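Q: There's a structure below that I have some questions on.
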Amino acid sequence: MTDTVPVTDGSRADPPRPGLLGRLGGLAFRRRGRTVLAWAAAAVVAVGLSSTLGGDFATDYSAPGSDSKQAQDLLQDRFPSQSGDPVDVVAHTDGEATDPEAQTDITALLDELRSLPHVAAVENPYETPGSISEDGRTVVARLYLDVTNPADMPIEDTEQLIAAAESAERDGLEVALGGQAIQLAEESEVGSEMIGLVAAAVILLLVFGSVVAAGLPLAMAIGGLAVSASLVGLLAALVDVPEWAPVLGMMLGIALGIDYALLMVTRFREWRAAGLEPEAATAATLDTAGRAVLVAGCTVMVSMLGLFAMGLSFMSGAAVVAMVAVLIVMAAAVTLFPALLGYLGPRIDRLRLPIGKRGPAQVTEDGHMVPPKGWVRWSGVVRRHRIPAAIVSVAGMLLLAVPFLGTYMGLPDAGNNPEDSSTRQAYDMLAEGFGDGANAPLLVVADLSQASSAQTGSGGAAVEQLHAGMQATEGVAVVSPPRLDETGETAMMTVVPTTGPQDPATEDVVHAIRDEVAPAAVGGSGAEVHVGGVTASVIDMNASIADRLGFLIGGVVLVSVLLLLVAFRSVVIAVTAAVMNLLSVAATYGVVAYFLEGGWAGELIGIDTETPMAAFLPVIMFALLFGLSMDYEVFLISRVREAWVRHRDNGRAITEGLAGTARVITAAAAIMIVVFAAFIPDDQVFIKVFGVGMATAILIDATVVRMLLVPAVMHILGRSNWWLPGALERRLPQLHVEGNADAYLKPRTERPLAGAVLQPQSQPLP
């Protein structure tokens, strides 16, 4: 970046009247104390509201109206203890589990667990059919909690369960616990937010070479994060917020907050180098870079709106959290940032370090910054080799996308957890003792309330035929005897398939029961049969997402194209940006799929087995990546258009825009990459993979797409880049995202800052 020096002499003309954002920035600059206090008060209020009114995080991923959701509702109403996520207590012995010593130890453990907080009941495996494996060495007992949502189980109470199981182990006896409550307790905090902030601070120091300049983006990001993170609990009381959504909000808050502030600090330093006083430079920054930030942020928010089209409450909740995080970052950019400049503006380059220090700014006679020579040379290379550059870029991204074609959509389960976790050990012991299907039980619920009396009861024809039909179904290992509720109007059976939860054959079993066995057994009786359980819920969720995915993609792409069309008044820019973003997203999916294969790449991030891609992961990533990709598009094209409007030379405008933004885009991308990568060590597979995907996407987008493909294609298209039909020209609103930079430079009598090097206005670019 450039070094700036305060103005020491020279007269200055009356500053131009700023636009709306410039006036807002000037107001925050002058009333900086009140503005900072307002943000501090907002953070305190947000914390207070969340602590008193905050809700619980959702762990329900079922699709509304689906068969599994109806089964879940019936279970919750008529079999409350069966509707939640139980804890599996799995014990494996070297000898027979029915040996007196083993039975005594296992029974003593179950008695101890029964006495612990929030334990409602514990089954006796020695009295429950099917609880001892065929070889007699593995025992499973179901433990039921008095909380319906595993997230409501206090971590310290869950840790008591784990400690009791560990203390019961001895030579010849292994014990492990499985279930969502156990998994939540085993997920460790790795301090990803702090890691990301520290890494971002290092990059900012390298970029600016000044502690003050580097600290300003961090201060803005932390200020926005303090408010948005505190609001998540309050949002959970209003919408279904999944347990991983707060991490998503923090990722975006940190990454976007620092990125937007980085862009604005860079622009502020340029305005100072051009001779503007701190307040005028602040207004100019808000009128130019501030506009780009608002358009970029709105693009991210619009992309996240697409998640509402999926019809899944947890996705809508995640979208709300993400949009609130982005909205607060945008608010901080146009209020908190100029207020902080009010304190630090004249001292923006104080506490300089020997690292990251650059030579004096070069300013033309009309006040415009001369682009860095290195990036000008790079732009020249791209211009000369534009066709090969475009071909190589597109081919490379298509090649990266190939692994995604063979990806299995599902939901990671305990079998994908770390090998040393209790949930993974319980999963493996169940699979070894009872078969893979023991980890994929299906809960079949028959509602007999509308059936004739002859069809009800455990001996009723409908229930008997259903039980027999399921037992004879291919892929079914065992079906438990029917269990009736207190009224005798609902029967429940557990179906254990022969295959695991991630095996496509298990999905075939679900469809066979729903489409063939159940209709044949209860047809005409008035009874209704629903297939539920975690595995069935995942199958229904995948189907729901597949049905609505086209609406998401089409809606997000269409709205993004319209937004860019209004912002840059060019059909070509808007359409090519959408196509390039789709290529970038596809390449990212391929890289994520490669990591999920569990080979050497997967082992680098802690994935040691082949893992399915959660069906909602590519959906959420698509919405976010499309929005974030548009961010860099806005940053780059706004500067290109600013130059194009000034002199109408397409090639020169591309060079000036690319060279003028390349450094800040590269730095911003590096910060985003380290922030997202900081979440890769997380124990949750979703967060881990999400971190990989987002870091990869930013790397591809900021390098291959923005630094190579976009300028290459723009050079190929020439003046056609700015084509806009006359009818649209007359009807589109005038957004002017690039701002009116010349208004702050002409007419003016003041000279550039001391230390800035004047260049002739007509000096050609290399």
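Sequential numbering from 2 applies to the sequence shown in my numbering. Beta carbons are placed, not taken as given, at the ideal position from N, Cα and C, and that holds for glycine. Keep in mind that this is a model prediction, so the values were computed, not measured.
What would DSSP say about SER211, mapped onto helix, strand or coil?
A: Looking up residue 211 in the sequence shown gives position 210. It is a strand residue.
Q: Strictly by DSSP, which residues pair up with HIS716?
A: Position 715 of the sequence shown, counting from 1, holds the residue named residue 716. Note: HIS716 sits in no beta bridge, so no partner.
Q: Have a look at PRO483 and LEU444 and give me their C-alpha separation to the nearest angstrom.
A: If you number the sequence shown from 1, residue 483 lands on position 482. If you number the sequence shown from 1, residue 444 lands on position 443. For PRO483 and LEU444, the distance between alpha carbons rounds to 11 Å.
Q: Taking 6 Å as the cut-off, is the beta-carbon of GLU487 closer than that to any non-hydrogen atom of the ligand SAM?
A: With respect to small molecules bound, the structure shown includes none, and the ligand SAM cannot be examined in it.
Q: Let me know if GLY489 comes out buried or exposed under the rule of 16 or more other beta-carbons within 10 Å of its beta-carbon.
A: Locating residue 489 in the sequence shown gives position 488, where the first residue counts as 1. Classification of GLY489: exposed, given that the 10 Å Cβ count is below 16.
Q: What three-state label does DSSP hand HIS93 in the structure shown?
A: The residue labelled residue 93 in the question sits at position 92 within the sequence shown. Looking at HIS93 - three-state DSSP - the assignment turns out to be strand.
Q: Where VAL686 and PRO65 are concerned, what is the direct C-alpha to C-alpha distance, given to the nearest angstrom?
A: Within the sequence shown, numbered from 1, the residue matching residue 686 stands at position 685. Within the sequence shown, numbered from 1, the residue matching residue 65 stands at position 64. The straight-line gap from Cα to Cα measures roughly 25 Å.
Q: Pull the bridge partners of ILE133 from the DSSP assignment, please.
A: Stepping through the sequence shown from its first residue, residue 133 is reached at position 132. VAL140, per the DSSP bridge assignment.
Q: Measure the C-alpha to C-alpha separation of GLU420 and PRO413 and round it to an integer number of angstroms.
A: The residue labelled residue 420 in the question sits at position 419 within the sequence shown. The residue labelled residue 413 in the question sits at position 412 within the sequence shown. Straight-line Cα distance between these residues: approximately 14 Å.
Q: Determine the contact status of LEU401 and VAL592, defining contact as a CB-CB distance below 7 Å.
A: Start at 1 with the first residue of the sequence shown, and residue 401 comes out as number 400. Start at 1 with the first residue of the sequence shown, and residue 592 comes out as number 591. A contact, by the Cβ cut-off of 7 Å.
Q: Quick one: which unbroken alpha helix (DSSP H) runs of 4-plus residues sit fully inside the region 27-111? Chain order, please.
A: If we require 4 residues or more, the alpha helix (DSSP H) runs fully inside the region 27-111 come out as 33-54, 68-79, 81-84.
Q: Over what stretch of residues does the beta strand (DSSP E) that includes VAL240 continue unbroken?
A: The residue given as residue 240 occupies position 239 in the sequence shown. That residue, VAL240, is in no beta strand (DSSP E); it is neither H nor E in DSSP.
Q: With 16 other CB atoms within 10 Å as the buried threshold, where does LYS70 fall?
A: Position 69 of the sequence shown, counting from 1, holds the residue named residue 70. Classification for LYS70: buried.
Q: Tell me whether VAL199 is buried or exposed, calling it buried when 16 or more other Cβ atoms sit within 10 Å of its Cβ.
A: Indexing the sequence shown from 1 puts residue 199 at position 198. Answer is exposed; the Cβ neighbour count stays below 16.
Q: I need the boundaries of the beta strand (DSSP E) containing ALA1, first residue and last residue.
A: This structure does not reach residue 1, given that the chain is present from 2 up to 767, and the question cannot be answered.
Q: Give the secondary structure of LEU401 by DSSP, where H, G and I count as helix, E and B as strand, and everything else as coil.
A: For the purposes of this step, residue 401 is identified with residue 400 of the sequence shown, where counting begins at 1. Residue state, collapsed to three classes: helix.
Q: Name the two residues that bound the continuous alpha helix (DSSP H) containing MET493.
A: Position 492 of the sequence shown, counted from the start, is the residue given in the question as residue 493. Not the alpha helix (DSSP H): MET493 falls in the beta strand (DSSP E), residues 491-498.
Q: How long is the line joining the alpha carbons of PHE405 and LEU597, rounded to whole angstroms?
A: On the sequence shown, position 404 is the one that residue 405 refers to. On the sequence shown, position 596 is the one that residue 597 refers to. Whole-angstrom Cα-Cα distance: 10 Å.
Q: Could you give the distance in angstroms between the alpha-carbon of VAL45 and the alpha-carbon of PHE209?
A: Within the sequence shown, the letter at position 44 stands for residue 45. Within the sequence shown, the letter at position 208 stands for residue 209. Taking the straight line joining both Cα atoms gives about 32 Å.
Q: Which one of ALA237, PHE338, GLY692 has the shortest CA to CA distance from LEU287?
A: Taking the first residue of the sequence shown as 1, we reach residue 287 at position 286. With distances taken between Cα atoms, LEU287 lies closest to PHE338.
Q: So, with DSSP's three-state summary, where would you put MET622?
A: Along the sequence shown, one-based indexing puts residue 622 at 621. The answer is helix: DSSP assigns MET622 an H, G or I state.
Q: For the region 245-332, list the alpha helix (DSSP H) runs that are entirely contained and at least 4 residues long, ordered along the chain.
A: Counting whole runs of 4 or more residues, the region 245-332 contains the alpha helix (DSSP H) stretches 246-274, 279-306, 314-332.
Q: Go ahead and pull the three-state DSSP assignment for TYR127.
A: In the sequence shown, counting from the first residue as 1, residue 127 sits at position 126. Coil.
Q: Do the CB positions of GLY470 and ALA522 come within less than 7 Å of each other?
A: Taking the first residue of the sequence shown as 1, we reach residue 470 at position 469. Taking the first residue of the sequence shown as 1, we reach residue 522 at position 521. Cβ distance < 7 Å, so GLY470 and ALA522 count as in contact.
Q: So, is TYR409 buried or exposed, given that buried needs 16 or more other C-beta atoms within 10 angstroms?
A: Translated into the one-based positions of the sequence shown, residue 409 becomes position 408. With fewer than 16 other Cβ atoms within 10 Å, it is exposed.
Q: So, are the CB atoms of TYR633 and ILE666 less than 7 Å apart?
A: The residue given as residue 633 occupies position 632 in the sequence shown. The residue given as residue 666 occupies position 665 in the sequence shown. Contact: yes.
Q: Looking at LEU144: is its Cβ nearer than 7 Å to the Cβ of LEU174?
A: To locate residue 144, count along the sequence shown from 1; it is residue 143. To locate residue 174, count along the sequence shown from 1; it is residue 173. No.
Q: Are VAL48 and VAL91 close, meaning C-beta to C-beta below 7 Å?
A: For this step, residue 48 is matched to residue 47 along the sequence shown. For this step, residue 91 is matched to residue 90 along the sequence shown. Taking 7 Å as the Cβ cut-off, VAL48 and VAL91 do not qualify as a contacting pair.
Q: With DSSP collapsed to three states, give me the class of LEU21.
A: For the purposes of this step, residue 21 is taken as the residue at position 20 of the sequence shown. DSSP places LEU21 in helix when its eight states are reduced to three.
Q: Just checking my contact of THR491 with ALA463 at CB under 8 Å: how many whole Å lie between their CB atoms?
A: Working through the sequence shown from its first residue, we reach residue 491 at position 490. Working through the sequence shown from its first residue, we reach residue 463 at position 462. Actually they are not in contact, since the Cβ atoms of THR491 and ALA463 sit about 12 Å apart, beyond 8 Å.
Q: Using 8 Å as the threshold, is the region 704-720 in touch with the region 206-223, meaning 3 or more CB pairs across them?
A: Too few Cβ pairs lie closer than 8 Å, so no.
Q: Helix or strand or just coil, what does DSSP make of PRO361?
A: Position 360 of the sequence shown, counted from the start, is the residue given in the question as residue 361. Residue placement at PRO361 is poorly supported in this model, since its pLDDT is 46, which falls under 50; the coordinates still yield a value, given next. Strand.
Q: Identify which residue in ALA290, PRO101, LEU257 has its Cα closest to the Cα of TRP272.
A: In the sequence shown, the residue the question calls residue 272 occupies position 271. The shortest Cα separation from TRP272 among ALA290, PRO101, LEU257 belongs to ALA290.
Q: In its own chain, which residues sit with a C-beta less than 8 Å from the C-beta of THR159, not counting the 5 before and 5 after it?
A: Taking the sequence shown and counting its residues from 1, one reaches residue 159 at position 158. ALA182, ILE183, LEU185, ALA186.
Q: Rounded to whole angstroms, what is the Cα-Cα separation between THR499 and ALA439?
A: By 1-based counting over the sequence shown, the position of residue 499 is 498. By 1-based counting over the sequence shown, the position of residue 439 is 438. Straight-line Cα distance between these residues: approximately 8 Å.
Q: Quick check on PRO502: buried or exposed, where buried means 16 or more other Cβ atoms within 10 Å of its Cβ?
A: Translated into positions along the sequence shown, residue 502 becomes position 501. PRO502 should be labelled buried.
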